[in-house]
Each structure stands twice: as structure tokens, then as C-alpha cells.
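Participant: After the C-alpha cells below, expect a handful of questions from me.
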Amino acid sequence: MGTPPATAQGLSRAEVRRQAAALAEVGRRLFLDPGLSASGTLACASCHDPAHAFGPPDGAAVRLGGADGRTPGLRAVPSLMYLQDVPPFAEHYRTPEDEGDESIDNGPTGGLTWDGRVDGQREQARVPLFSPFEMGNTDPADLAGRLERAGYGAQLRGAVGVTAGEQADVVDLALRALDVFQQDGALFHPYTSKYDAFLAGKATLTDDERRGLEAFEDPARGNCASCHVSRRGNDGTPPHFTDYGLIAIGVPRNRDIPANADPRYFDQGLCGPLRTDFTGVADYCGRFRTPTLRNVALRQVFMHNGIFHTLRQVMEFYAERDSAPGKWYPRRTDGSVMKFDDLPVAAQGTVPAAINMEAPFGRRPGDPPALNERDIHDIIAFLGTLTDGWSAPKTAGP
């Protein structure tokens with residue numbers, strides 16, 4: 001965990017470190033405690049499982065929560081790992097000068113959650129705590145009561161040195177503690193994958209993994225690295241395998257999500273309904289933030305709506321979305337394919353304005369896919385090198 005700067009109150013560095021350690025410990029307990037939820041059954045760790053890279057523990061498209069513990073969510077659970085450098089949301093994001101060409105407008109970029117609607121992990125933690133289909137607290141007073149009854153109020157005030165006669169917002173302190181806990185590098189951004197060792201010259205990729213990296217970076221084949229950046233930054237920082245952008249790829253509608261039983265309901269990401277500041281902006285509809293691919297091989301549910309359950313399904317969709325759309329989308333009564341059926345304009349038979357058409361997309365029905373079977377196999381092998389906790393195989397003794 002990094003050392004915070006000394007505060008305006010004149011605390012010494014040692015005291016700042018002590019506060020950070022104390023807050024992190026309370027944050028860890030909060031993260032694991034289902035008692036913070038209205039149902040008493042849902043903790044942060046219930047959805048963000050430490051054993052699965054702080055992502056979903058199984059292949060369910062959405063989790064159940066709310067006051068009754070049975071209210072279904074709307075989106076698949078993202079991982080909480082490698083979020084420390086996600087920039088604040090910007091509608092017109094320009095790459096910092098030391099990282100690339102700052103003259104290029106990269107469009108909507110950054111922010112946390114699938115639609116980028118909050119900045120920073122403290123505000124991100126607030127979302128599930130008060131969501132009616134997640135932890136279900138009705139308001140800050142409701143959550144404050146739970147925190148005080150569980151003894152966290154005293155622990156939080158003690159962690160930051162608030163005396164009995166001073167006022168402190170216990171909810172704000174809890175959010176701060178969760179934030180500090182998620183700054184623990186060993187847990188949330190360890191950079192201990194085989195690929196990190198490869199970049200450091202301490203590991204060798206297998207033939208499959210090496211070919212997979214080549215296909216991953218090839219702009220005419222996978223073109224994955226155009227969004228999931230795979231090279232070190234100009235300053236030598238390890239790649240996060242995301243450009244933090246919001247992009248629309250038009251994944252099929254997931255009819256396992258209860259909300260989708262309503263034919264009038266569409267989750268359009270950046271343009272709503274959970275985010276409201278870009279409602280109706282056609283070029284933003286269907287855009288969701290590009291997640292990191294680090295530890296992606298540990299997931300059992302993929303895309304914002306959890307429509308896919310294996311990396312092979314994901315890769316085949318990328319390869320065949322446009323060349324074999326009938327494999328991925330339903331058909332209308334006249335037999336035509338209802339492409340991009342999770343966006344309202346699908347009924348009009350048009351391509352939504354935001355849909356990405358860069359490789360491997362952009363082919364016509366009947367064309368060979370941009371990725372063949374070998375490419376798909378190899379890219380999946382490469383993605384396996386992004387799992388943290390790798391260690392070099394032990395060699396047999398003489």
C-alpha cells in the first residue's frame with residue numbers, strides 16, 4: 001500500500017501510515033461483512049469474490065440482492081482489480097503527453113462502473129451500498145445505523161483519531177476505509193502474472209501463447225490491443241489491458257436477465273438508463289467501459305450483460321459477429337436476423353451509430369471470419385498468461 005502524503009492537520013508520515021493501515025483493516029472487515037446490507041446476506045465479497053480476482057464467484061449473469069435478498073441486478077459484476085489508474089470520466093479524453101499523442105480526442109473514456117458514471121473507488125463503493133438491487137440501504141442514515149450497531153463507528157473514528165466529542169460522518173469514513181482497503185497493491189494490483197514476468201525477461205511464452213500475443217496485437221486479425229492495451233506505457237508502467245474507453249460492440253440481448261423480459265427495457269450503457277446525463281445521445285447508446293483483461297481467465301461470465309460464459313464464446317463472437325450474425329442473434333418472423341437486438345434500433349434494421357466496425361468486425365455475412373480456429377485457441381492461451389500468482393516451474397534437481 002502506498003504512503004499517503006502528510007495531511008493539512010500536520011500529521012507526521014508515521015501517523016498517516018498508521019491511519020491508513022487502521023482504515024485498511026476496517027475496510028477489509030467492511031468488505032467481508034454481509035451485515036452492511038439490508039437483507040443481512042450480501043457483502044461486497046459476495047459479488048466481488050477475492051478467490052475470483054474480486055469478480056463474480058460463478059457464471060450467473062446477475063446477482064441477487066435488495067432488501068429481500070432476492071431482487072435481481074441488471075448487469076454482470078465487474079472485477080475490482082486494477083482500477084487504481086482509471087482516469088475520471090471525460091466525454092473528450094486526451095491521452096496525457098507522457099503516454100501518447102495528446103492531440104487525439106479519444107471520445108468518452110474513464111470513470112468506474114460499466115457506464116463510467118462515478119469517479120474514484122470511494123464513490124464506486126457508494127453505488128452498491130445504496131442500490132435497491134444490491135445492498136439495499138435506503139439512505140445514509142440507514143447505513144449509519146448498521147455501521148454503529150456493528151461497532152464500526154467506533155473503529156472508524158478511532159482509526160482517524162476522532163475523539164468522542166467531535167463530529168464525524170460515519171458513512172463517509174466507511175467509504176474512505178473501503179477505498180483505502182482497495183489500494184492494497186498485493187491484493188488489487190499485484191502484477192504477478194506470467195506476462196508480467198515475460199515483460200521483465202523472467203519468463204518465456206509457449207508457442208501457443210506467443211502466437212496468441214501476435215494475433216491479439218495484429219490489427220488485421222484480433223486487433224484486441226487497440227482497446228486492451230498490451231504494451232508498457234512510455235514511462236515503463238505495466239499494461240492494464242484496457243484503454244478505459246467506452247465502446248459499443250453490440251452483444252446479444254441476454255434473456256436470462258429478468259429486466260429483459262420487458263420488451264421496452266434496454267440497457268444502453270452510457271446513454272442510460274442507470275446513467276442519465278447522456279440520455280438520447282445516439283452515438284453513445286450501447287457503449288460500455290472496456291474492462292481490463294487481467295485475470296480474465298478466472299471469470300465465468302463475460303460482457304456487461306453476462307451473455308457469454310467462456311472465453312471461446314467471446315472470441316467466436318468477435319470473429320463472427322458480422323460474418324455469421326445468425327449464429328448470435330435471433331431471427332424475425334420473416335427469417336431476417338435481428339442484429340444488435342439489445343438496442344432499440346434493432347427493430348428498424350439499421351446499424352446503431354455507436355457500434356464498433358473495426359477489425360475483427362466489419363465483415364459481410366458469408367465472409368471468412370477474421371480469426372480462424374488456431375487464432376482463437378492461441379489468443380485464449382495468451383489470455384491465460386494474464387492471471388496473477390504465476391511462478392516459474394520448478395526444475396528437477398541433478
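1 is the number of the first residue of the sequence shown in the UniProt record's numbering; add one for each residue after it.
Built from N, CA and C at the ideal position, the CB exists for glycine as well.
1. Over the uninterrupted alpha helix (DSSP H) stretch that includes residue 195, give me the two end residues.
2. By DSSP, does residue 248 sit in helix, in strand, or in coil?
3. Cα separation between residue 30 and residue 218?
4. If we count Cβ pairs, one from each stretch, closer than 8 Å, do we get three or more for the segment 110 to 124 versus the segment 82 to 91?
5. Per the contact definition of three or more C-beta pairs closer than 8 Å, is the segment 264 to 281 in contact with the segment 22 to 29?
6. Taking only beta-carbon positions, decide if residue 178 is within less than 8 Å of chain B.
7. Going by the DSSP bridge assignment, what does residue 71 pair with across the sheet?
8. Taking the runs of the alpha helix (DSSP H) that are 4 residues or longer, which of them lie wholly in the UniProt domain "Cytochrome c" (22 to 178)?
9. When burial is assigned at 16 or more other CB atoms within 10 Å of the CB, is residue 125 buried or exposed?
10. Among the residues of its own chain, which have a CB less than 7 Å from the CB of residue 389, if the five just before and after it don't count?
11. Near residue 53, which residues of its chain fall below 6 Å by C-beta distance, leaving aside the five closest residues on each side in sequence?
12. For residue 276, count neighbouring C-beta atoms within 10 Å of its own C-beta (all shown protein chains included) and say buried if the count is 16 or more, exposed if not.
13. Can you check which of these residues, 322, 383 and 331, is closest to residue 370 by C-alpha distance?
14. Can you list, in chain order, the residues of its chain whose CB lies under 8 Å from that of residue 332, leaving out five sequence neighbours each side?
15. Leaving out the 5 sequence neighbours to the left and right, which residues in its chain are closer than 8 Å to residue 376 when beta-carbon positions are compared?
16. If you drop the 5 nearest sequence neighbours on each side, which residues of the same chain put their C-beta closer than 8 Å to that of residue 71?
17. With distances taken from CA atoms, which of 250, 387, 326 and 255 is nearest residue 345?
18. Where does residue 151 land, buried or exposed, given buried means 16+ other C-beta within 10 angstroms?
19. Give the DSSP bridge partners of residue 337, in chain order.
20. In whole angstroms, what separates the C-alpha of residue 123 from that of residue 226?
21. Based on Cα-Cα distance, which residue from 83, 291, 308 and 336 lies nearest to residue 184?
22. With the cut-off set at 8 Å, would you say residue 245 and residue 360 are in Cβ contact?
23. With distance defined between alpha-carbon atoms, name the residue in 382, 175 and 200 nearest to residue 206.
24. Give the secondary structure of residue 382 by DSSP, where H, G and I count as helix, E and B as strand, and everything else as coil.
25. Near residue 290, which residues of its chain fall below 8 Å by C-beta distance, leaving aside the five closest residues on each side in sequence?
26. Taking only three categories from DSSP, how would you classify residue 289?
27. What three-state label does DSSP hand residue 222 in the structure shown?
28. Report yes if the C-beta distance between residue 234 and residue 76 is below 8 Å; otherwise report no.
29. Going by C-alpha distance, which of 11, 45, 378 and 336 is nearest residue 178?
30. If you reduce the DSSP assignment to three classes, tell me which class residue 269 lands in.
31. Please classify residue 121 as buried or exposed, where buried requires at least 16 neighbouring CB atoms within 10 angstroms.
32. Kindly indicate which three-state DSSP category residue 241 falls into: helix, strand or coil?
Facilitator: To lay it out plainly:
1. By 1-based counting over the sequence shown, the position of residue 195 is 195. Start and end: 194 to 199.
2. One-based indexing of the sequence shown puts residue 248 at position 248. Here residue 248 sits in strand by DSSP.
3. In the sequence shown, the residue the question calls residue 30 occupies position 30. In the sequence shown, the residue the question calls residue 218 occupies position 218. Distance between the alpha carbons of residue 30 and residue 218: 44 Å.
4. yes
5. no
6. Reference to chain B is not applicable here, since this structure consists of a single protein chain.
7. Position 71 of the sequence shown, counted from the first residue, corresponds to residue 71. Note: residue 71 sits in a beta bridge opposite 65.
8. 44 to 47, 121 to 130, 140 to 149 and 152 to 160
9. If you number the sequence shown from 1, residue 125 lands on position 125. Residue 125 comes out buried.
10. Mapped onto the sequence shown, residue 389 falls at position 389. Once the five neighbours on either side are set aside, the close Cβ partners of residue 389 are 192.
11. Residue 53 sits at position 53 when you count from the first residue of the sequence shown. Correct list, in chain order: 79, 81, 295 and 298.
12. Start at 1 with the first residue of the sequence shown, and residue 276 comes out as number 276. Residue 276 should be labelled exposed.
13. As a position in the sequence shown, residue 370 is number 370, starting the count at 1. Looking at the Cα atoms, 322 is the closest of the given residues.
14. Indexing the sequence shown from 1 puts residue 332 at position 332. Contacts found: 338.
15. As a position in the sequence shown, residue 376 is number 376, starting the count at 1. 312, 315, 316 and 319.
16. Reading the sequence shown from its first residue, position 71 is the one you call residue 71. Excluding residues within five positions, the ones whose Cβ falls inside 8 Å are 64, 65, 132, 133 and 136.
17. Counted from its first residue, the sequence shown places residue 345 at position 345. The candidate whose alpha carbon is nearest that of residue 345 is 250.
18. Taking the sequence shown and counting its residues from 1, one reaches residue 151 at position 151. Exposed is the call here.
19. Stepping through the sequence shown from its first residue, residue 337 is reached at position 337. Residue 337 pairs with 331.
20. Locating residue 123 in the sequence shown gives position 123, where the first residue counts as 1. Locating residue 226 in the sequence shown gives position 226, where the first residue counts as 1. Distance between the alpha carbons of residue 123 and residue 226 is about 29 Å.
21. Within the sequence shown, residue 184 is the residue found at index 184, counting from 1. Out of 83, 291, 308 and 336, 83 has the C-alpha closest to the C-alpha of residue 184.
22. As a working mapping, residue 245 is identified with position 245 in the sequence shown. As a working mapping, residue 360 is identified with position 360 in the sequence shown. Result no, Cβ atoms of residue 245 and residue 360 do not sit closer than 8 Å.
23. Translated into the one-based positions of the sequence shown, residue 206 becomes position 206. It is 382.
24. By one-based count along the sequence shown, residue 382 stands at place 382. Here residue 382 sits in helix by DSSP.
25. Taking the sequence shown and counting its residues from 1, one reaches residue 290 at position 290. Take residue 290, set aside five residues on each side of it, and the residues of its chain with a beta-carbon closer than 8 Å to its own are 227, 228, 242, 243, 244, 245, 246 and 247, in chain order.
26. Taking the first residue of the sequence shown as 1, we reach residue 289 at position 289. The three-state secondary structure of residue 289, taken from DSSP, is strand.
27. Here residue 222 is taken as the residue at index 222 of the sequence shown, counted from 1. Residue 222: coil per DSSP, three-state reduction.
28. Here residue 234 refers to the residue found at position 234 when the sequence shown is read from its first residue. Here residue 76 refers to the residue found at position 76 when the sequence shown is read from its first residue. Not a contact, by the Cβ cut-off of 8 Å.
29. For the purposes of this step, residue 178 is identified with residue 178 of the sequence shown, where counting begins at 1. Cα-wise, what sits closest to residue 178 is 45.
30. Counted from its first residue, the sequence shown places residue 269 at position 269. Strand, per DSSP.
31. Residue 121 sits at position 121 when you count from the first residue of the sequence shown. That one is buried.
32. Translated into the one-based positions of the sequence shown, residue 241 becomes position 241. In the structure shown, residue 241 sits in coil (DSSP, three-state: anything other than H, G, I, E or B).
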